[in-house]
Amino acid sequence: MTRRRLPRIAALSGPEAALARHVDVHSPVAAGTDALTWTLTLLDGGGVPLAESRTTSPDFPLPLADIAQVHLDVVGLAQAGEWEPVPTASGRARFRAPVRVTVPHD
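Per our numbering: the sequence shown = residues 250 to 355.
Spelled out as structure tokens, the structure:
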């Protein structure tokens, strides 16, 4: 089975981003010495992936909110609740938080 390629989060239009109800942050992978690459996925209300992006950060404890919010800001979304662990078939960690559309600033 071929996995469909998702657009980057920043490529979503306003109406497309408004469909998002959750953001998932997947287990990071090593990206060289002292760095990690994280994958973030936006999901609609039915759990269908809308978009995905990757980001690299230093290898030290960062709040998940700090990793995700940069990507959410670009499309007018904000975290709207707590991070919850989500079991995966592979046993790798994944966390999910609800998101909401932010009110545009004048």
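Just so you know, even glycine gets a beta-carbon here, dropped at the ideal spot from N, CA and C.
All values reported here derive from a predicted model rather than from experimental measurement.
Asked: Segment contact flag, the segment 331–340 with the segment 281–288, C-beta cutoff 8 Å, min 3 pairs; Found: no
Asked: Cα-Cα separation, Ser271 to Val352; Found: The sequence shown places His at residue 271, rather than the Ser named in the question. Answer to the nearest angstrom: the Cα atoms are 17 Å apart.
Asked: Contact check, Val348 vs Ala269, beta carbons under 9 Å; Found: yes
Asked: Closest by C-alpha distance to Ala365, when choosing among Pro277, Thr337, Ala314 and Ala260; Found: Since the first and last residues shown for the chain are 250 and 355, residue 365 lies out of range.
Asked: Identified DSSP bridge partners for Asp273; Found: Thr290 and Arg345
Asked: Residue range of the unbroken beta strand (DSSP E) whose run includes Pro264; Found: Looking at the DSSP string, Pro264 is not in any beta strand (DSSP E); the run it does join, the alpha helix (DSSP H), is Gly263 to Ala266.
Asked: Val352 in three-state terms, based on DSSP; Found: coil
Asked: Same chain, Cβ closer than 8 Å to Gly294, neighbours up to 5 away in sequence not counted; Found: Leu268 and Arg270
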